[in-house]
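Numbering (the numbering used here), first residue to last: 340 to 468.
Note that the Cβ used here is the ideal one computed from N, Cα and C, for glycine as well.
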Amino acid sequence: TRQTDPYKRVKGWEAFAYEVTTLLNAHPKTKLLSGSRSVLSHVAFYSQPHRLDGVSWNPESQIRHQFDLVTNMADHIGEDFIYVTQKTDVSDLQSRFDSVAFLKEIHIPIHRDFAITYQAYLARGFKGY
């Protein structure tokens, strides 16, 4: 269970990265977009070949992790992304992209009471913050 497994936070990310990489491969001109350092770093590490083109979603322009320092959405106007988030309401993205469509929920069970769960969206045509 989650209460007896001290390693639960590091399990399941390889399977998660496989799911995200499958989505990226199904939409070949897209890049990974997420505000989560965990998502960006685990997909970069576990994907084969390594996907190092992930971009941090950071509309507030805050420095939260290294991906905020090395990526800038202003460099990606007009591009398409697979946006991976734990949020189920992404209405704030609608005005910043030409279109945003739900793709799937990525659910990786670790224990019966603990899982990695994210939502994946196809966000086309970034307009800017």
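Open item on the list: Given this structure, state the Cα-to-Cα distance separating S434 from G417, to the nearest angstrom.
Closed with: Here the question's residue 434 lines up with position 95 in the sequence shown. Here the question's residue 417 lines up with position 78 in the sequence shown. Cα-Cα distance, rounded: 13 Å.
Task: Buried versus exposed, by CB contacts within 10 Å (16 or more), V409 - done: Counted from its first residue, the sequence shown places residue 409 at position 70. Result: exposed.
Task: Closest Cα partner of L461 within the set R341, Q342 and H366 - done: Here the question's residue 461 lines up with position 122 in the sequence shown. The residue with the shortest Cα to Cα distance from L461 is H366.
Open item on the list: Taking 8 Å as the limit between beta carbons, can you name the residues of its chain near T427, skipping five residues before and five after?
Closed with: The sequence position of residue 427 within the sequence shown is 88, counting from 1. Excluding sequence neighbours, T427 sits near Q458.
Open item on the list: Rounded to the nearest angstrom, what separates L362 and A454 at their Cα positions?
Closed with: Here residue 362 refers to the residue found at position 23 when the sequence shown is read from its first residue. Here residue 454 refers to the residue found at position 115 when the sequence shown is read from its first residue. Rounded to the nearest angstrom, the two C-alpha atoms are 20 Å apart.
Open item on the list: For a quick check, are the C-beta atoms of V439 and H415 less than 8 Å apart?
Closed with: Here residue 439 is taken as the residue at index 100 of the sequence shown, counted from 1. Here residue 415 is taken as the residue at index 76 of the sequence shown, counted from 1. Taking 8 Å as the Cβ cut-off, V439 and H415 do not qualify as a contacting pair.
Task: V429 - DSSP class collapsed to helix/strand/coil - done: For the purposes of this step, residue 429 is taken as residue 90 along the sequence shown, with counting starting at 1. In this structure, V429 counts as coil in the three-state DSSP scheme.
Task: Residue from R390, N411 and D392 with nearest C-alpha to S400 - done: In the sequence shown, the residue the question calls residue 400 occupies position 61. Selected option, being the one with the closest Cα: N411.
Task: Reference Q387, options F355, S373, F436 and W396, closest by Cα - done: Your numbering for residue 387 matches position 48 in the sequence shown. Minimum Cα distance to Q387 is reached at F355.
Task: H450 versus K347 - alpha carbon distance - done: Your numbering for residue 450 matches position 111 in the sequence shown. Your numbering for residue 347 matches position 8 in the sequence shown. Roughly 8 Å separates the two Cα atoms.
- [ ] Would you tell me roughly how many angstroms separate the C-alpha atoms of N397 and R341, rounded to the nearest one?
- [x] Here the question's residue 397 lines up with position 58 in the sequence shown. Here the question's residue 341 lines up with position 2 in the sequence shown. Each residue's Cα considered, the two are about 31 Å apart.
Open item on the list: Just to confirm, is the Cβ distance from T360 to V382 under 8 Å?
Closed with: One-based indexing of the sequence shown puts residue 360 at position 21. One-based indexing of the sequence shown puts residue 382 at position 43. For T360 and V382, yes; Cβs fall inside 8 Å.
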